[in-house]
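Worksheet for the structure shown next.
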Amino acid sequence: MQVPLEITFRGVPHSDAVETRIREKAAKLEQFCDHIISCKVAVEAEHHHQHQGNLYKVRIDLNVPQKQIVVSRDHHDKQAHEDVYVALRDAFDAAKRQLEEYVRIQRGEVKNHRVSSAAL
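Residue 27 in full-length UniProt numbering is what sits at position 27 of the sequence shown, and the numbering runs on without skipping anything.
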């Protein structure tokens, strides 16, 4: 990935495997948009709960020309986000959708809804 990538771990020990997965997923974002200025990814684990494992939060901040895309994936589905890799997948999927929408708008591929004269 040519874009500056900043990875932060909060409340969870650094993992080379998790960092590698983040780098792979961030590199795939460049396939959808080659105008990414910067990418920051934060992985955070909440305190360990007695009846379940850690719950992970992933936040992705993407800067592209004229826009900042922020994805914050908390533990909406508590079971799914006990796994850091599932949390990463969901967050990067959401970032990809927002990035694709940004590219469509930049290319002018978004449909214009015309108001008919009968509606006026």
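C-beta atoms are modelled at their ideal positions from N, C-alpha and C, and glycine is treated no differently.
Between VAL12 and ALA45, the beta carbon gap of about 4 Å places them in contact (Cβ cut-off 8 Å). C-alpha of ARG10 to C-alpha of PRO4: approximately 20 Å in a straight line. Sixteen is the threshold: when 16 or more other Cβ atoms of the shown chains lie within 10 Å of the Cβ of LYS57, as they do, the residue is buried.
Of the other Cβ atoms in all chains shown, fewer than 16 fall within 10 Å of the Cβ of ALA17; this residue is therefore exposed. GLU109 carries a coil assignment under DSSP once its states are collapsed to helix, strand and coil.
Under the DSSP assignment, LEU29 falls in the alpha helix (DSSP H) whose first and last residues are 16-32. Per the C-alpha coordinates, the member of ASP61, ARG107, GLU109 positioned closest to LEU29 is ASP61.
Only residues of its own chain outside the window of five on either side were considered, and among them LYS25 have a CB closer than 6 Å to the CB of PHE92, listed in chain order.
The C-alpha of ASP83 lies about 18 Å from the C-alpha of ARG23. Scanning GLY53, CYS39, ASN54, PHE32 for the CA closest to the CA of THR8 turns up CYS39.
For VAL43, the enclosing beta strand (DSSP E) covers residues 38-45.
TYR102 sits close to CYS33, with the two beta carbons spaced by under 9 Å.
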